[in-house]
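In mature numbering (1 follows the signal peptide of the UniProt record, and there is no 0), the protein residues as written are -22 to -1, 1 to 376.
See structure below.
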């Protein structure tokens, strides 16, 4: 009898929550915009701009490359439950974007998505040596070392699992219609702006899907960072403050020999940040600042401990400035949480800026160089430390 009473009580207690859920429906249509600014500085290639990054093409997923191809990147995706298989749509854009009047949204073909392909990575090989924290010297208890040839799958998977934010943005998966696509691969021009009126249309899309973006939700400025100091000693990384930044996170990595990878992160907690060089909602960024994982927006420098990259040639430093996020819906959510809500459409805009440079470059490495910079490096040249024993590919999916 007691078991039946407990079950009945649990059902009664769950009813209010079930009722609340029943009152809120998914929007008829959802539109996602992922916005990114990427910058890169490597020896011989200077400070690359978006035009020089045209070799990377205008493919969907440019916003997903943390510290990847330089320039301004935009990924958009549309879904409507009135045509769940995908609908051909149109994204009307403001003149400031300098890409015509509109961008076509094309349904994604069936098959394995990019996320599914990335998720099938093999177990990495070699040894990973991990340090963390902004400090002139290596702190007690560091480093942590994982030998992938000896560790069990559970051991290395636990090490590779850190803090992250679930992907809540534009995805190229069946059922969604995306830009860029095979019909339109144009690159976002350097200096273009999202500020102005936007509208999305297509079969199954509510007629009133219109919204306006102001400068607070535009492309963020590019990261301008510089490094000073010998890699055999402590290296100071500094950067110019970005007004829209909610917080910052840095990581560095480089190969020592063919089978050993050195990794460092700016977190005060032992978290390598595998999932943090990506979009993170502002509320979670604030939480991570409180946990001393993400650097507060008023911080403008961080020291990499002495000597950890001393035997590494060409260690790469990556950095992200987390931007704001905008969520819109029509009609807006009622102030009364118990009131029914049946939104016609919703829009989510996520923004970030990432940068990459080489550890130990001179102070101009993260800043703008003259137009007479060297052009000796070609796209086919290997970035130092990026092709060592397949370790980076196994660990970072690069």
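All residues carry an ideal CB built from backbone N, CA and C; glycine is no exception.
Query raised in the report: Who does residue 277 pair with in a DSSP beta bridge?
Result: Answer is none; residue 277 lacks a bridge partner.
Requested in this report: Pull up the DSSP beta-bridge partners for residue 156, would you.
Outcome: 55, 84
Query - For residue 329, three-class secondary structure by DSSP - result: strand
**Report entry** With 16 other Cβ atoms within 10 Å as the buried cut-off, status of residue 114
**Finding:** exposed
Report task. Please classify residue 210: does DSSP put it in a helix, a strand, or coil? Result -> coil
**Report entry** residue 88 to residue 284 span [Cα, whole Å]
**Finding:** 50 Å
Requested in this report: With distances taken Cα to Cα, identify the nearest neighbour of residue 236 among 318, 272, 106, 3.
Outcome: 106
Query raised in the report: Which residues bound the alpha helix (DSSP H) around residue 263?
Result: 260 to 268
Query raised in the report: Which residues in the same chain as residue 199 place their Cβ atom closer than 6 Å to its Cβ, once the five residues preceding and following it in sequence are excluded?
Result: 220
Report task. Using alpha carbons as the reference points, say which of 154, 189, 172, 206 lies closest to residue 181. Result -> 154
Requested in this report: Could you tell me which residues DSSP pairs with residue 174 in its beta bridges?
Outcome: 191
**Report entry** Cβ pair residue 196, residue 173 closer than 9 Å
**Finding:** yes
Query raised in the report: With 16 other CB atoms within 10 Å as the buried threshold, where does residue 141 fall?
Result: buried
Query raised in the report: Is it buried or exposed for residue 387, if we count other Cβ within 10 angstroms and need 16 for buried?
Result: Outside the shown range of the chain, which is -22 to 376, sits residue 387, and nothing can be said about it.
Query raised in the report: Do you know whose CA, among 163, 171, 325, lies nearest residue 57's CA?
Result: 325
Requested in this report: Starting from the Cα of residue 329, find the closest Cα among 287, 238, 225 and give me that residue.
Outcome: 225
Query raised in the report: Under the rule that 16 or more other beta-carbon atoms within 10 Å means buried, what is residue 296, buried or exposed?
Result: buried
Report task. Report all residues from its chain with a CB closer than 8 Å to the CB of residue 144; omit the five preceding and five following residues, and keep chain order. Result -> none
Report task. Report yes or no: do three or more beta-carbon pairs, one from the region 301 to 318 and one from the region 275 to 290, lie closer than 8 Å? Result -> no
Query raised in the report: When the Cα of residue 216 is compared with those of 193, 262, 254, 275, which residue comes out closest?
Result: 275
Query raised in the report: residue -2: buried (16+ other C-beta within 10 angstroms of its C-beta) or exposed?
Result: With a pLDDT of only 45 at residue -2, under the threshold of 50, the placement of this residue in the model should not be trusted; the figure read from the coordinates follows. Exposed: under 16 other Cβ atoms inside 10 Å.
Report task. Quickly, what does DSSP pair residue 49 with across the bridge? List them, please. Result -> 16
**Report entry** Any non-hydrogen atom of the ligand COA closer than 8 Å to residue 287 Cβ
**Finding:** Of ligands this structure carries none, so the ligand COA is not represented either.
Requested in this report: State the DSSP-derived secondary structure class of residue 66, mapped to helix, strand or coil.
Outcome: coil
Requested in this report: Ignore the nearest five residues each way along the sequence and tell me which others in residue 211's own chain have a CB closer than 6 Å to its CB.
Outcome: 284
Query raised in the report: Between residue 240 and residue 123, what straight-line distance do the alpha-carbon atoms span, to the nearest angstrom?
Result: 9 Å
Query raised in the report: Nearest-angstrom Cα distance between residue 183 and residue 246?
Result: 46 Å
Query raised in the report: With C-beta atoms as the reference, is residue 9 less than 9 Å away from residue 55?
Result: yes
Report task. Could you tell me the boundaries of the beta strand (DSSP E) in which residue 299 lies? Result -> 294 to 308
**Report entry** With 16 other Cβ atoms within 10 Å as the buried cut-off, status of residue 243
**Finding:** buried
**Report entry** Burial state of residue 147, where buried means 16 or more other Cβ atoms lie within 10 Å
**Finding:** buried
Query raised in the report: Using the beta-carbon count (16 or more within 10 Å), is residue 165 buried or exposed?
Result: buried
Query raised in the report: So, are the CB atoms of residue 158 and residue 63 less than 9 Å apart?
Result: no
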